[in-house]
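2 protein chains.
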Amino acid sequence: MDIIISNSSNIPLYEQVKEQIKNKIVSNELKTGELLPSIRSLAKDLRISVITTKNAYEELEREGYVETIPGKGTYVANKNKELIKEEQLQKIEGLIDTAVSIAKISGISKEEIREMLDILFEEE
Amino acid sequence: MDIIISNSSNIPLYEQVKEQIKNKIVSNELKTGELLPSIRSLAKDLRISVITTKNAYEELEREGYVETIPGKGTYVANKNKELIKEEQLQKIEGLIDTAVSIAKISGISKEEIREMLDILFEEE
DNA sequence: ACAACTGTATATAAACAGTATACACTGTTT
DNA sequence: AAACAGTGTATACTGTTTATATACAGTTGT
């Protein structure tokens, strides 16, 4: 499982792991029913503690993205695809909303943001 | 000074205070040389500790937004306006960038984001 | 000098992030 | 059935971050 974590980031390790796995589920790179790497092997890969990977998996389970069976492993859950898209839309709306707030405060125009959007959408 | 803080937010108190004061400086609601409320009076207003308001002011000073003189008070610093705008632009670019990343992962189109941008820009 | 205001320093408590290690469950191999 | 090698779980500990109370020190006007 290719996950890249940064120790110098201000984002907690378990959250970096959580987000990247969530992304793989949302993008369908990880499909429903698929077995995730064990917390141990993932921890060894990333050179972090077993407990940290466990925390990541626990949060994913709390949010309904995975299901874990003691002694067996952790599997991608059958989460409603429409619900997932709705969550992503809301996340984006939140980001755009703060961006707009900042723009208004500092007198930045809508066109400047539009340009950023155009450029960033092509680039990646 | 009207600042609204939420105890239930996941954002630390000192950071909520810091951001809102920074916004007032960026929007020129607080002008260069102006005296901020004392850490004590602000703490009393917001019903938080003196140390917490002090932490907020310290960070603002570290970022060059204010200057504080022991025994006298804390004043809005004469920070380069162009530099401030540059910082705000970068902050917005970061937000749009993550929004675009999420959109690409979950198959959300540029048009959907554009619509959000239009709506949010009119609303507020 | 004193009173009333400023910011500062020290010590403490609680929550959070990350860890190591010992424990318990599941499945396979013998 | 016993042994083993894999899975997740629970406990206990360390260091950092967030927030606090309280005692200290500088500035100003009377």
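Chains as they are written, first to last, in our numbering: chain A, 164 to 287; chain B, 164 to 287. Using N, Cα and C, we set each Cβ at its ideal position, and we do this for glycine too.
One alpha carbon belongs to LYS248 of chain A, the other to GLN179 of chain A, and they sit about 20 Å apart. DSSP places TYR220 of chain B inside the alpha helix (DSSP H), whose first and last residues are 213–225. Fully enclosed beta strand (DSSP E) runs of no fewer than 3 residues occupy 236–239 of the segment 231–279 of chain A, in order along the chain.
Residue-level contact check: ALA266 of chain A touches chain B, since one or more beta carbons of chain B fall below 9 Å from its beta carbon. Of all alpha-carbon atoms in B:GLY270, B:ILE167, B:SER190, the one lying nearest the alpha-carbon of GLU245 of chain A is that of B:GLY270. With respect to LEU223 of chain B, LYS185 of chain B sits close: the two C-beta atoms are nearer than 9 Å. Under the DSSP assignment, LYS181 of chain B falls in the alpha helix (DSSP H) whose first and last residues are 176–189. What ASP260 of chain B touches in chain A, judged by beta-carbon distance under 7 Å, is LEU283, going in chain order. Short of 7 Å from the beta carbon of TYR220 of chain A, and not among the five residues preceding or following it, lie these beta carbons of its own chain, in chain order: ILE202, VAL229, THR231, THR237. When the five nearest sequence neighbours on each side are left out, the beta carbons in the same chain lying within less than 8 Å of the beta carbon of ILE276 of chain A are those of ALA262, VAL263, ALA266, in order along the chain. With respect to the C-alpha of GLY234 of chain B, the residue from B:GLU285, B:LEU198, B:GLN253 having the closest C-alpha is B:LEU198. In the DSSP assignment, ILE202 of chain B falls within the unbroken alpha helix (DSSP H) covering 202–209.
With respect to the C-alpha of SER204 of chain B, the residue from B:THR215, B:LYS194, B:GLY196 having the closest C-alpha is B:THR215. Beta-bridge partners of LEU198 of chain A (DSSP): A:TYR238.
For ALA206 of chain B, same chain residues with a beta-carbon under 8 Å away, outside a window of 5 residues either side, are SER212, VAL213, THR215, THR216 in chain order. Put simply, the backbone Cα of ASN243 of chain A is about 45 Å away from that of ILE188 of chain B. Residues of the segment 189–206 of chain B that bring their beta carbon within less than 8 Å of a beta carbon in chain A comprise VAL189, SER190, in sequence order. The beta carbon of GLN179 of chain B does not come within 9 Å of any beta carbon belonging to chain A, so the residue lies off that interface. Using a Cβ distance threshold of 9 Å, LEU280 of chain B and LEU252 of chain A do not count as a contacting pair. With a cutoff of 9 Å on beta-carbon distance, SER190 of chain B and ILE255 of chain A are scored as not near each other.
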